[in-house]
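Student: Take a look at the following structure, please.
Numbering (the UniProt record's numbering), first residue to last: 1 to 162.
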């Protein structure tokens, strides 16, 4: 059940976020013990699929995934953010998500923005330095790691494990 959802999610990103600019997001879907089932290289636009009964690759336009293209229970990324990598890991028993992004604000501003909004949708999170840690609304471990990227920018990674 988890695998079709993951493949549909990746397809949605690929179709809804096509962009011919020089900057793209990398996407990977891993399952069955960590094997890569599908991946899109953000630098080249190459998409590879390796599932039972089909294996192949195709070159696509680079995709760009922005704050409006992603959400956690209705909470989008900080406004103006862009996703650098999106990794989905899972099988029928476990699953996880890792999203790396760039934000146009300091780590403290991004952290506080997420803390306020995630709390309203049932996440139990608290500050841990520049980061947020806690659980999702369905009690999965959650972590938001943030680091400065220049004077008024941040890089972040959201990790949800199953």
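Using N, Cα and C, we set each Cβ at its ideal position, and we do this for glycine too.
Which residue wins for smallest C-alpha separation from residue 104, given the options 112, 159, 150, 74?
Tutor: Numbered from 1 along the chain shown, position 104 holds the residue referred to as residue 104. Out of 112, 159, 150, 74, 150 has the C-alpha closest to the C-alpha of residue 104.
Student: Could you pull the DSSP bridge partners for residue 142 from this structure?
Tutor: Counting from 1 along the chain shown, the entry for residue 142 is found at position 142. Residue 142 pairs with 134, 160.
Student: For a test of the three-state rule: what should DSSP assign to residue 86, helix, strand or coil?
Tutor: Stepping through the chain shown from its first residue, residue 86 is reached at position 86. It is a strand residue.
Student: Since residue 134 and residue 125 should fall inside the 8 angstroms C-beta cutoff, what is the C-beta to C-beta distance between them, to a whole number of angstroms?
Tutor: For the purposes of this step, residue 134 is identified with residue 134 of the chain shown, where counting begins at 1. For the purposes of this step, residue 125 is identified with residue 125 of the chain shown, where counting begins at 1. Correct: roughly 4 angstroms between the Cβ atoms.
Student: On the three-pair Cβ rule with 8 angstroms, is the stretch 106 to 123 touching the stretch 75 to 83?
Tutor: Yes, the stretch 106 to 123 touches the stretch 75 to 83.
Student: By the 10 Å Cβ neighbour count, where 16 or more other Cβ atoms means buried, how is residue 156 classified, buried or exposed?
Tutor: In the chain shown, residue 156 corresponds to position 156, counting from 1. Answer is buried; the Cβ neighbour count reaches 16.
Student: What residue range is occupied by the uninterrupted beta strand (DSSP E) comprising residue 121?
Tutor: As a first step, residue 121 must be located in the chain shown, where it is residue number 121. Segment: none, residue 121 is in no beta strand (DSSP E) and carries neither H nor E.
Student: Starting from the Cα of residue 85, find the closest Cα among 72, 101, 74 and give me that residue.
Tutor: Sequence index remark: in the chain shown, residue 85 carries index 85 (1-based). Taking only the C-alpha atoms, the option nearest residue 85 is 101.
Student: Restricting to Cα atoms, I'd like to know which of 141, 146, 153, 152 is closest to residue 160.
Tutor: The residue labelled residue 160 in the question sits at position 160 within the chain shown. The candidate whose alpha carbon is nearest that of residue 160 is 141.
Student: Does the Cβ of residue 147 have 16 or more other Cβ atoms within 10 Å, making it buried, or fewer, making it exposed?
Tutor: Numbered from 1 along the chain shown, position 147 holds the residue referred to as residue 147. It counts as exposed.
Student: If you draw a straight line from the alpha carbon of residue 117 to that of residue 153, how long is it in whole angstroms?
Tutor: Working through the chain shown from its first residue, we reach residue 117 at position 117. Working through the chain shown from its first residue, we reach residue 153 at position 153. So the two alpha carbons sit approximately 20 angstroms from each other.
Student: Below 8 angstroms on the Cβ atoms is my contact criterion, and I expect residue 169 with residue 115 to pass it. Report the Cβ-Cβ distance as a whole number of Å.
Tutor: In the structure as shown, the chain begins at 1 and stops at 162. Residue 169 is therefore absent and cannot be evaluated.
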